[in-house]
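Colleague: The structure that follows is given in the form of structure tokens.
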Amino acid sequence: MSTTAELLKGAAELFPDEVVTTAHVRHLELPGAGRFALITLDNGLDHTKPTTFGPQSLANLDAAIDQVEREAADGEIVGAGLTGKPFIFAVGADLKGVELLGRHEDALAIGKGGHDVFKRLAGLAVPTFAYYNGASMGGGVEVGLHCTYRTVSRAVPAFSLPEVFLGLVPGWGGCALLPNLIGADRAVTVIIENSLNQNRQLKGGQVFELGIADALFDGADFLEQSLLWTASVLSGRTVVERAEVDRGEGWDAAVARGRAIADAKVHGAAPAAYRALEIIAAAKDGDLQAGFDAEDRALADLIMGGELRSGLYAFNLVQKRAKRPAGAPDRSLARPVTKVGVVGAGLMASQLALLFLRRLEVPVVLTDIDQERIDKGVGYVRAEIDKLLGKGRINQDKANRLKALVTGVLDKAEGFADADFVIEAVFEEMGVKQQVFAEVEAVAPAHAILATNTSSLSVSEMASKLKHPERVVGFHFFNPVAILPLLEIVRGERTDEASLATAFAVAKQLKKTAVLVKDAPAFVVNRILTRFMGEIQNVIDEGTPVATAERAVEPLGLPMSPLVLLELVGPAIGLHVSETLNRAFPDRFTVSPNLAAVVKAGKRGFYVYDSGRPELDPEVAALLVQGDAVMTEEQVRARVLEAVAQEIGLMLDEGVVAEAQDIDLCLITGAGWPFHLGGITPYLDREGVSERVNGKPFLAPGVASVPA
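The number in our numbering is simply the position in the sequence shown, starting from 1, with 1048 added.
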């Protein structure tokens, strides 16, 4: 028995629940070329369950290559190819198996096993071909890189090496082979830049343009055209030419560019991107085996590290928990929504109107206090539809239909008399919102849901003066509405199951990640961010320089620094939320006099960007009144993390959400917190902060960490 077979057998025993991929060999006569072996990867399920490589799947491919290798050695075939089932080529390693690994040697075996199987394709006595017929990711891309030639379908919707995004490196040849095929700069784009930009995918045409594939064919007859092209290559009629790879300064410059991208995105906080760049840098001399060995080591180290476990945990939250929200009522209770009303026509209201219009494709009517505002809001929505048309995202018929569906009226009775769902996005002031809901209740049908987009006010209090408070629900979106997936759905004290079920059904139609939250001050994201920002503001007020306070949290690798985030949110909104939380929890939430001064002065933030980089605005610096207690970066970071851990512990005790997992899901999808933190609770557990503050970790061992 070969070492590879032994490795894979041992790994398969660790992973009894693998969805196994078969590797079926069939033979074809290629016109003018001869007999050809085609291996098809297929897990026996439809395209909604993509093909993956677990240990038994790798063993099956290994066995198929045994057969093809014999045939090639005996001169029975002129070439061998690899393709996938309809719509799917292969999407890489089975991550469920990776989660189960508890020992470094088992992790090393997975890396080595994949390499040992895949590189046999390059060692055959005949040319090999990969036909990327559908979605291809990670190991799916890499198995094709080991082949002599590649074709790609124009219809491929998603092609990527997403490992760095999750906390791994492309560990089955990607880091060594890709730069040697297309050059280091393009490889850095695929492996580092695209991964760290929220796992950006390539389309089939881009795969060809980058030089990863040698030929591009339409989806309808992709395999047929690929095989004809293969016959032409094998018979010598077609000669594949590839651009020469720059192995000089261009390679070094590409690696430096990759480091700059990684620094900007994760600030050294997650190791995966840097390990990948080390392997790319070392691949400059073309020694592929040394590259494969380095990939094995990096893969094993990262599999046993906390960042990957946090990344897999975060991935599972977004892919699985998000689709089955904890505490959501039975879907059958939801009522249909055939018309939507929006109270307000400002920017937020207009963004909401556009989202409801695009996703539900039902009439949407806006109201406001004067016709000019209404016209502006409706105009914004119609202009955005025209932009979609201009980009080719929708056709003329759909654009006309959508624009006809959005209207605006001054009279709420006229606008909302037949609406099933009315959402308000007016000024964040309790009296204003209560008045709006009283006016809407008087004219809307008895079954209509009344939703509020409040970011911090009590939904129960807002509904308290209505005849039917049971139909009021919090529906809190995050800005920008079109981009951030989170929707906090708030159950008021008297919200009934049917209203809640309808809210969740609408959220699903809007393609949002809905999390059920209790009606507690500022709900989830704003409460945690306000505590986090509040501690940063406190240390500045007490005397720590602004730059020190900002740098203190850089090791978390957050999408932006606290004061840049404050600028995005708006200092006035930040101040308002801190005042709301200060009234609710005066012992933990402060109202910064310096922030109040910045708002009073009408400043949009703490920084100016005259040099292209953020620098403290001299006018803001002149406003700041600071004490003389100066803290180090380490002291600031410890204080901020302890405050956040305390707040999350209290929120869980209060039942604001069902579990710590919902806190993390909210921070990832509503505030863009990184996968390598797992949101926040795995990081607090890993750093010992949870234990120090609350006496226990937030998550059980193995949930977002290496199994005990």
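No residue lacks a Cβ here, since even glycine has one placed at the ideal position from N, Cα and C.
Please state whether the Cβ-Cβ distance between valine 1212 and serine 1184 is less than 8 angstroms.
Modeller: no
Colleague: Check the C-beta distance from threonine 1131 over to leucine 1086 and give it rounded, since I have them as a contact under 8 angstroms.
Modeller: 7 angstroms
Colleague: Let me check understanding here. Comparing Cα to Cα, which of Ser1547, Leu1700, Lys1251 lies closest to lysine 1566?
Modeller: Leu1700
Colleague: Taking valine 1191 and alanine 1178 to be in contact with their CB atoms under 8 angstroms, please state how far apart those CB atoms are, rounded to whole angstroms.
Modeller: 7 angstroms
Colleague: Is the segment 1229–1247 close to the segment 1295–1307, with three or more CB pairs under 8 angstroms?
Modeller: As far as the Cβ criterion goes, the segment 1229–1247 touches the segment 1295–1307, which means the pair count is three or higher.
Colleague: Report all residues from its chain with a CB closer than 8 angstroms to the CB of histidine 1495; omit the five preceding and five following residues, and keep chain order.
Modeller: Hits under 8 angstroms: Arg1383, Asp1468, Arg1519.
Colleague: Please confirm whether glutamine 1482 and methionine 1510 have their CB atoms less than 8 angstroms apart.
Modeller: yes
Colleague: Note down the Cα distance separating proline 1730 from lysine 1313, rounded to an integer number of angstroms.
Modeller: Roughly 19 angstroms separates the two Cα atoms.
Colleague: Spatial neighbours of tyrosine 1197 within its chain, please: CB distance less than 7 angstroms, with the 5 preceding and 5 following residues excluded, ordered by chain position.
Modeller: By the criterion of a C-beta distance shorter than 7 angstroms, tyrosine 1197 is surrounded in its chain by Pro1175, Phe1177, Asp1262, Val1281, Val1288, once the five residues flanking it on both sides are discounted.
Colleague: For phenylalanine 1723, does the count of other Cβ atoms within 10 angstroms reach 16, so buried, or fall short, so exposed?
Modeller: Flag for phenylalanine 1723 reads buried.
Colleague: Look at the alpha carbon of leucine 1402 and the alpha carbon of valine 1573, and state the distance between them as a whole number of angstroms.
Modeller: 24 angstroms
Colleague: Rounded to whole angstroms, what's the CA-CA distance from glycine 1456 to proline 1411? Just pull it up for me.
Modeller: 11 angstroms
Colleague: Tell me the rounded alpha-carbon separation between valine 1488 and glycine 1522.
Modeller: 16 angstroms
Colleague: Tell me the DSSP bridge mates of tyrosine 1428?
Modeller: For tyrosine 1428, which the question treats as bridged, DSSP gives no partner whatsoever.
Colleague: Please report the residue range of the alpha helix (DSSP H) in which histidine 1773 lies.
Modeller: Beyond the ends of the chain as shown, which are 1049 and 1756, falls residue 1773; an answer cannot be given.
Colleague: Tell whether a beta-carbon distance below 8 angstroms holds between valine 1646 and leucine 1629.
Modeller: no
Colleague: Please report the straight-line C-alpha distance between leucine 1613 and threonine 1680, rounded to a whole angstrom.
Modeller: 22 angstroms
Colleague: Taking buried to mean at least 16 other C-beta atoms within 10 Å of its own C-beta, is asparagine 1501 buried or exposed?
Modeller: buried
Colleague: Under the DSSP definition of a beta bridge, which residues are partnered with phenylalanine 1270?
Modeller: None; phenylalanine 1270 has no bridge partner.
Colleague: Which residues does DSSP list as the beta-bridge partners of leucine 1089?
Modeller: Ala1071, Gly1132
Colleague: Of the residues Asp1733, Arg1734, Gly1720, Ala1706, which one's Cα is nearest the Cα of arginine 1369?
Modeller: Ala1706
Colleague: Tell me the residue span of the alpha helix (DSSP H) that contains threonine 1578.
Modeller: 1573–1590
Colleague: Check whether the Cβ atoms of glycine 1215 and glycine 1187 lie closer than 8 angstroms to each other.
Modeller: Result no, Cβ atoms of glycine 1215 and glycine 1187 do not sit closer than 8 angstroms.
Colleague: Whose C-beta lies closer than 6 angstroms to the C-beta of aspartate 1606 among residues of the same chain, with five residues either side of it excluded?
Modeller: The sequence given here places leucine at residue 1606; aspartate does not occur at that position. Result list for leucine 1606: empty, nothing under 6 angstroms.
Colleague: If you draw a straight line from the alpha carbon of methionine 1049 to that of leucine 1056, how long is it in whole angstroms?
Modeller: With a pLDDT of only 40 at methionine 1049, under 50, the local geometry of the prediction cannot be trusted, and the value read off the model is given with reservation. Those two C-alpha atoms are separated by around 11 angstroms.
Colleague: By Cβ distance below 7 angstroms, which residues in the same chain neighbour leucine 1458 in space, the five residues on each side in sequence not counted?
Modeller: Thr1415, Gln1419, Ile1422
Colleague: Once DSSP output is grouped into helix, strand and coil, what is the label at histidine 1524?
Modeller: Three-state DSSP puts histidine 1524 in a strand.
Colleague: Is isoleucine 1239 helix, strand or coil when you go by DSSP?
Modeller: helix
Colleague: With respect to the alpha helix (DSSP H) encompassing threonine 1596, which residues constitute its N-terminal and C-terminal limits?
Modeller: Segment 1594–1600, the alpha helix (DSSP H) holding threonine 1596.
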